[in-house]
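This report refers to the structure that appears directly beneath it.
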């Protein structure tokens, strides 16, 4: 965290995903992981590591997603590997295993290294928006707030839809505001699609 404060030029942009097309049984963490993989394909600069000393950027072809897990013993960030190449069922099993390993304190240290981007799903506890901390060498982190019903304008009428607030923090030394905005737009568009 101290390294982040000393080195990163943080910028956070915010957006909302309207989830009214989702079925009743929601699986937001899986959908977030899949949408992040899609956004990384569209704007790979945010799925990268930045070296501030050499001012070099290493783009990653696959998304190795750090999942922030809050425990009584502190924050752990296990890594879910190659998110874009995995099925929803495989992602679900992988997340379950990582969560169980963290809670049992049996996760191998290697499983907490090498994230190319991080997801903080803080909304399961409380909150709408945040300024998530980018941890070098990563370029970005996505914070997902709590899903809540909100009144929205829909087809000329008022409607109540479930809205997912999103906060994307990125290192402005490595990515532009335009790249981050396009990334977040692809992410929101992917999240707003009906689940299959």
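Residue numbers (our numbering): 18 to 213. By construction, the Cβ of each residue, glycine as well, lies at the ideal position given by its N, Cα and C atoms.
Minimum Cβ-Cβ distance from residue i to chain B less than 9 angstroms
i	result
residue 87	Note that chain B does not occur in the displayed structure, where there is just one protein chain.
Counted within 10 angstroms of its Cβ, other Cβ atoms place residue i as buried (16 or more) or exposed
i	result
residue 64	buried
residue 154	buried
residue 188	buried
residue 91	exposed
residue 88	exposed
residue 200	buried
residue 126	exposed
residue 143	exposed
residue 103	buried
residue 133	buried
residue 60	buried
Other residues of its chain near residue i: CB distance less than 6 angstroms, five sequence neighbours each side excluded
i	result
residue 100	50, 54, 80, 82
residue 167	180
residue 37	178
residue 217	Nothing about residue 217 can be read from this structure; the chain reaches only from 18 to 213.
Assigned secondary structure, residue i (DSSP; H/G/I helix, E/B strand, else coil)
i	result
residue 176	strand
residue 204	helix
residue 78	coil
residue 118	helix
residue 139	helix
residue 161	strand
residue 194	helix
residue 155	strand
residue 107	helix
residue 216	With the chain covering 18 to 213 only, the question about residue 216 has no answer from this structure.
Cβ shell of residue i (< 7 angstroms), same chain only, five flanking positions each side left out
i	result
residue 116	86
residue 75	65, 66
residue 120	88
Of the residues the options, the one placed nearest residue i, counting alpha carbons only
i	options	result
residue 46	111, 130, 175, 149	111
residue 72	191, 109, 156	191
residue 70	43, 23, 193	23
residue 150	106, 128, 135, 205	135
residue 48	28, 98, 195, 105	105
residue 207	31, 186, 61, 57	57
residue 160	98, 209, 30	30
residue 44	26, 59, 113, 186	113
residue 141	152, 158, 156, 165	165
Contacts around residue i, its chain only, beta-carbon distance under 8 angstroms, and the 5 residues preceding and following it disregarded
i	result
residue 124	93, 95, 115, 118
residue 130	96
residue 198	30
Cβ-heavy atom distance, residue i to the ligand GDP, below 8 angstroms
i	result
residue 73	The ligand GDP is not among the ligands present in this structure, which contains no ligands whatsoever.
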